[in-house]
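Numbering (the working numbering), first residue to last: 26 to 349. Everything below concerns the one structure shown next.
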């Protein structure tokens, strides 16, 4: 059985780079990834951390034993070799907790101390999971292929995320010019793409590019309903939109609108039988902003180690849902 802890640390990083060396995972060789499948070279911004390009990125898929498998992103894998990555980032949470922290009194599952039964249950639960969304979601798959490699969550994900994607763009027709995920050189709208790869669990992260749209939540609901209609057996989970840094806000794009969108989507998930995983306040400086130190661009994109918060919340949610 899982263990419990009375204290849940919500990390507010002072400077994680003082504890770990980010360039140490620039250019990693990932086990099981065929370089021939990678269609283009990825440029890593900043200190070799999260990708911030707004260019559309093709998701490559190959047929293998009558099932589709995916490297999840286009571009060269990040990091040094897998062994060095696991050494440098054996527990990103330790580096985060060593910095300034805010303690939240909350009974939560301690996902750092799972037994074989728990891990087996999670492996089965996350099998055939896919992440959809924008560049934040796309970088989650880069985390999965580098720092996260070997984790029961990361190893079960493929990606249909596209840099520059938005809820509004995902609703557009597939006319050859609109941005949509690519599978084996052909673009597909999300409902069809999810069906093609046979995903059992869809995890969705959108929001930033739609904050100025007062109908963003309604359009988000429409998109997910389309996916559900085409894939009635697929489980859908919305990951809350995370904050932007304090200095990146303006009248149309700000953290107040992030909170509003998340609350609206929480209600829509309840109404439609979808799941909602809230990482909004976990990835906060305690004042409702993404900490500057966490962000590669001092805007919305965060450094790879902080995706551990996504993974941990996914595990907690799954174990609670499974009643393990």
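Glycine residues also receive a C-beta, built at the ideal position from the N, C-alpha and C atoms.
According to DSSP, is residue 348 part of a helix, a strand, or is it coil? On the chain shown, residue 348 is found 323 positions in, with the first residue counted as 1. DSSP places residue 348 in coil when its eight states are reduced to three.
Look at the alpha carbon of residue 53 and the alpha carbon of residue 347, and state the distance between them as a whole number of angstroms. As a first step, residue 53 must be located in the chain shown, where it is residue number 28. As a first step, residue 347 must be located in the chain shown, where it is residue number 322. Confidence in residue 53 is poor, its pLDDT being 32 and thus under 50, which makes the residue's placement unreliable; the coordinate value appears in the next sentence. Cα to Cα, the separation comes out at about 34 Å.
Going straight from the alpha carbon of residue 194 to that of residue 203, what length do you get? In the chain shown, the residue the question calls residue 194 occupies position 169. In the chain shown, the residue the question calls residue 203 occupies position 178. In a straight line, the C-alpha of residue 194 is about 7 Å away from that of residue 203.
With respect to the beta strand (DSSP E) encompassing residue 228, which residues constitute its N-terminal and C-terminal limits? Here residue 228 is taken as the residue at index 203 of the chain shown, counted from 1. Segment 226-230, the beta strand (DSSP E) holding residue 228.
Under a Cβ-count criterion, where at least 16 other Cβ atoms within 10 Å of its own Cβ denotes burial, should residue 254 be classed as buried or exposed? Here residue 254 is taken as the residue at index 229 of the chain shown, counted from 1. The residue in question, residue 254, is exposed, as its Cβ has fewer than 16 Cβ neighbours within 10 Å.
So, is residue 246 buried or exposed, given that buried needs 16 or more other C-beta atoms within 10 angstroms? Start at 1 with the first residue of the chain shown, and residue 246 comes out as number 221. It is buried - the Cβ of residue 246 has at least 16 other Cβ atoms within 10 Å.
For residue 145, is the classification buried or exposed, using 16 other Cβ atoms within 10 angstroms of its Cβ as the cut-off for buried? What you label residue 145 is simply residue 120 of the chain shown in a count that begins at 1. Its Cβ having fewer than 16 others within 10 Å, residue 145 is exposed.
Reduced DSSP secondary structure (H/G/I, E/B, other) of residue 262: One-based indexing of the chain shown puts residue 262 at position 237. In the structure shown, residue 262 sits in a strand (DSSP, three-state: E or B).
Under the three-state reduction of DSSP, which class applies to residue 208: helix, strand or coil? Residue 208 sits at position 183 when you count from the first residue of the chain shown. Residue 208: strand per DSSP, three-state reduction.
Selected residue, minimal CA-CA separation from residue 322, among 337, 167, 161, 183: For the purposes of this step, residue 322 is taken as residue 297 along the chain shown, with counting starting at 1. The candidate whose alpha carbon is nearest that of residue 322 is 161.
By how many angstroms is the C-alpha of residue 267 removed from the C-alpha of residue 316? Counting from one through the chain shown, the residue named residue 316 turns up at place 291. Counting from one through the chain shown, the residue named residue 267 turns up at place 242. Computed Cα separation, rounded: 11 Å.
In the DSSP assignment, what residue or residues form a beta bridge with residue 327? Within the chain shown, residue 327 is the residue found at index 302, counting from 1. For residue 327, the beta-bridge partners assigned by DSSP are 320.
If you draw a straight line from the alpha carbon of residue 261 to that of residue 229, how long is it in whole angstroms? Residue 261 sits at position 236 when you count from the first residue of the chain shown. Residue 229 sits at position 204 when you count from the first residue of the chain shown. For residue 261 and residue 229, the gap between their C-alpha atoms comes out near 8 Å.
Considering only their Cβ atoms, is the gap separating residue 314 from residue 271 smaller than 8 Å? Along the chain shown, read from residue 1 onward, the residue named residue 271 stands at position 246. Along the chain shown, read from residue 1 onward, the residue named residue 314 stands at position 289. In this structure, residue 271 sits near residue 314, with a CB-CB distance shorter than 8 Å.
Hey, residue 286 and residue 241: beta-carbon distance below 8 Å or not? Numbered from 1 along the chain shown, position 261 holds the residue referred to as residue 286. Numbered from 1 along the chain shown, position 216 holds the residue referred to as residue 241. Yes; because the gap between Cβ atoms is below 8 Å, this pair is in contact.
Among 191, 312, 251, which one has its Cα closest to the Cα of residue 236? Reading the chain shown from its first residue, position 211 is the one you call residue 236. It is 191.
Spatially closest choice to residue 179 from 209, 158, 148, 201, by CA coordinates: In the chain shown, residue 179 corresponds to position 154, counting from 1. For residue 179, the closest alpha carbon among the candidates 209, 158, 148, 201 is that of 148.
Could you give the DSSP three-state label for residue 136: helix, strand or coil? Sequence index remark: in the chain shown, residue 136 carries index 111 (1-based). Of the three classes helix, strand and coil, the one that applies to residue 136 here is coil, per DSSP.
From 338, 349, 276, 153, pick the residue whose C-alpha is nearest to that of residue 265; which is it? Within the chain shown, numbered from 1, the residue matching residue 265 stands at position 240. Answer by Cα proximity: 338.
Quick check: the Cα distance between residue 279 and residue 308, rounded to an integer number of angstroms? Residue numbering aside, residue 279 sits at position 254 when the chain shown is read from its first letter. Residue numbering aside, residue 308 sits at position 283 when the chain shown is read from its first letter. Near 15 Å, if we compare the C-alpha coordinates of residue 308 and residue 279.
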